[in-house]
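Notes follow once the structure below has been shown.
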Amino acid sequence: MKEPTAEMAVLRKTVEQLTDEIVKSKAEEEKLLNEFSSMNNELVNLQRQLAKSNAELTRTKEEAVRANDLKSTFLAVVSHEFRTPMNGILGMIEMLGSSKLSPDQRQAIGVIRESASLLLNMINNLLDISKVEAGQMELEIGNVRVQAIMSHVAQLLEPQIYQMGNRLSIETDSGVAEHLEGDSARIMQILLNLLNNANKFTSEGLLIIRTKLVEERKDSQRVRFEVQDSGIGISPEDQNKLFQPYVQASEGSASQYGGTGLGLWICSSFVELMQGEIGVVSKEGQGSTFWFEIPLMKGSEQADEMEKHENGDLKAFSELLREHSHSQTILVAEDNRVNRQVVQLQLNHLGFQHIDFAEDGQAAVRAASERSYACILMDHHMPLLNGHDAAKAIRQREAENQQPLYRSFL
1 MKEPTAEMAV LRKTVEQLTD EIVKSKAEEE KLLNEFSSMN NELVNLQRQL
51 AKSNAELTRT KEEAVRANDL KSTFLAVVSH EFRTPMNGIL GMIEMLGSSK
101 LSPDQRQAIG VIRESASLLL NMINNLLDIS KVEAGQMELE IGNVRVQAIM
151 SHVAQLLEPQ IYQMGNRLSI ETDSGVAEHL EGDSARIMQI LLNLLNNANK
201 FTSEGLLIIR TKLVEERKDS QRVRFEVQDS GIGISPEDQN KLFQPYVQAS
251 EGSASQYGGT GLGLWICSSF VELMQGEIGV VSKEGQGSTF WFEIPLMKGS
301 EQADEMEKHE NGDLKAFSEL LREHSHSQTI LVAEDNRVNR QVVQLQLNHL
351 GFQHIDFAED GQAAVRAASE RSYACILMDH HMPLLNGHDA AKAIRQREAE
401 NQQPLYRSFL
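1 is the number of the first residue of the sequence shown in full-length UniProt numbering; add one for each residue after it.
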């Protein structure tokens, strides 16, 4: 046998090298396959965990929605339940205040009245803040008479302003339409809050509430409301946090002037809800001017006629009070016993002795169908049938019989 040639040796070596490389490549391939399989398993596990997390998130979201709905329902109930006893307290305080009292007793009644009013305002603020945070606050669009709102705000705060030794001036822009459409209750609440703050931080000074026409359009106006004071003013640092929730200008003002730090944030939330802007211009020691601008639709003829109808009812009720209180019968629809007592005492004080009561809306409709009343005082929140629907049913019946009805909501 011949010895292998050099070429055969080279070929054998090459084959051995290729075999080794194939073996290594196969091992690398198996390693990569194992790694891929492991990664695939991890991916499957991640997908399962993600699906589980998504299911938990969906369940949590559904629970949050249910909790929010329960919270809204709870707020609607407690809003009435909180305000009802406070209204009873304030009503009885007013009755006591109109009786014969010694100077010390009258002073005590004043302290109770002020404290109860402050507590009621705090309750209202807390309830409003909860509604805003839950996204449940809605505007109630109706007729807006700017001048009447400003006069009413001034009248409500007149005792507190007088107590602080301040003077109040009202400045109105003649360009602002007499009848506009918006949420008059929220506008009034904002002005009350701003004017109350201005009075609180001013002593023996001047307070001004004013309106300005900012923009005129075919079907709307942009109106600017301002509340100006000559009080202590606000530092630039404190101005930056005025409209934040649960924040007061400074710890010193909180202890000296009181307050919850909610009022201005509520004002800001209401203005935002009305698609407006709010702000402040102030210098320390030179007073402050809080302002807000909101768009208001121009009032329709139908809204004006509705207001005239309401004013006609109030005028007739005033004549009733003045001329025939001793002989007329009034129906009071109110489900709360304390409120019924307060209303009865107030009506008795006005001279009305013939008063019927209904404890729910259906009873009010039934009573109104059985006899004719000179006036019906109707609460809104009542069982079986609310005051609005009850009044609507009674008005419809009275319209069919062509009989006048004087209605007022408590």
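Glycine included, each C-beta is placed from N, C-alpha and C at the ideal position.
Val-214 and Asn-386 have their C-alpha atoms roughly 40 Å apart. Taking C-beta atoms as the reference points, Gly-361 and Ala-399 fail to come closer than 8 Å. DSSP, read as helix, strand or coil, puts Ile-209 in strand. Contact between Gly-182 and Ile-294 holds, since their C-beta atoms are separated by about 7 Å, short of 8 Å. In the DSSP assignment, Gln-239 falls outside any beta strand (DSSP E) and within the unbroken alpha helix (DSSP H) covering 236-239. Residue nearest to Gly-279 within the set Met-95, Pro-236 and Ile-394 is Pro-236 (criterion: CA-CA distance).
In the DSSP assignment, Met-297 falls within the unbroken beta strand (DSSP E) covering 288-298.
Here Asp-69 is exposed, its C-beta having fewer than 16 other C-beta atoms within 10 Å. Within the same chain, and ignoring the five residues on either side of Ile-232 in sequence, the residues whose Cβ sits closer than 6 Å to its Cβ are Phe-201.
In the three-state DSSP reduction, Asp-389 falls in the helix class (H, G or I). DSSP, reduced to helix, strand and coil, places Ala-374 outside both helices and strands of the structure shown, so it counts as coil. Taking one beta carbon from each stretch, the stretch 269-276 and the stretch 137-145 have 3 or more pairs nearer than 8 Å; the two touch. Less than 8 Å divides the Cβ of Ile-330 from the Cβ of Ile-355.
Restricting attention to Leu-101, Pro-85, Glu-94 and Gln-105, the CA atom closest to the CA of Ile-123 is found in Pro-85. Inter-residue distance for Thr-5 and Lys-31 is about 39 Å (C-alpha atoms, whole angstroms). Contact annotation: Val-176 and Val-223 have beta-carbon atoms nearer than 8 Å. A straight-line Cα-Cα distance of about 13 Å links Gln-244 and Glu-133. Residue state for Leu-101 is assigned as coil, using DSSP reduced to three classes. In the DSSP assignment, Ile-232 falls outside any beta strand (DSSP E) and carries neither an H nor an E. Separation of Lys-298 and Ala-363 (C-alpha to C-alpha, rounded to the nearest whole angstrom) is 39 Å. Secondary-structure assignment with DSSP links Ala-358 through a beta bridge to Ala-333. Assignment of Leu-139 by DSSP, reduced to helix, strand and coil, places it in the coil class. Taking 8 Å as the cut-off, the Cβ atoms of Gln-228 and Thr-289 count as close.
Ranked by how close their Cα comes to the Cα of Ala-367, the residues Met-382, Ile-394 and His-381 have Ile-394 in first place. Only exposed fits Val-44, as fewer than 16 other CB atoms lie within 10 angstroms of its CB.
Boundaries of the beta strand (DSSP E) around Ser-169: 167-171.
When DSSP reads this structure, Gly-279 sits in a beta bridge with Trp-291. Under a 10 Å Cβ-count criterion, Met-378 is classified as buried, with 16 or more other Cβ atoms of the shown protein chains found around its own Cβ. According to the DSSP assignment, Glu-272 belongs to the alpha helix (DSSP H) that extends over 263-273. Asn-199 is the residue among Ser-184, Asn-199, Gln-147 and Ala-185 whose C-alpha sits nearest the C-alpha of Leu-168. In the DSSP assignment, Phe-243 forms no beta bridge with any residue.
Taking a C-beta distance under 8 Å as the contact criterion, Asn-348 and Gly-263 do not qualify as a contact pair. Beta bridge pairing from DSSP links Ser-220 with Met-297. In the structure shown, the three-state DSSP call for Glu-398 is helix. In the DSSP assignment, Leu-192 falls within the alpha helix (DSSP H) that extends over 184-200.
Annotation for Val-176: no alpha helix (DSSP H) segment contains it, and DSSP assigns it neither H nor E.
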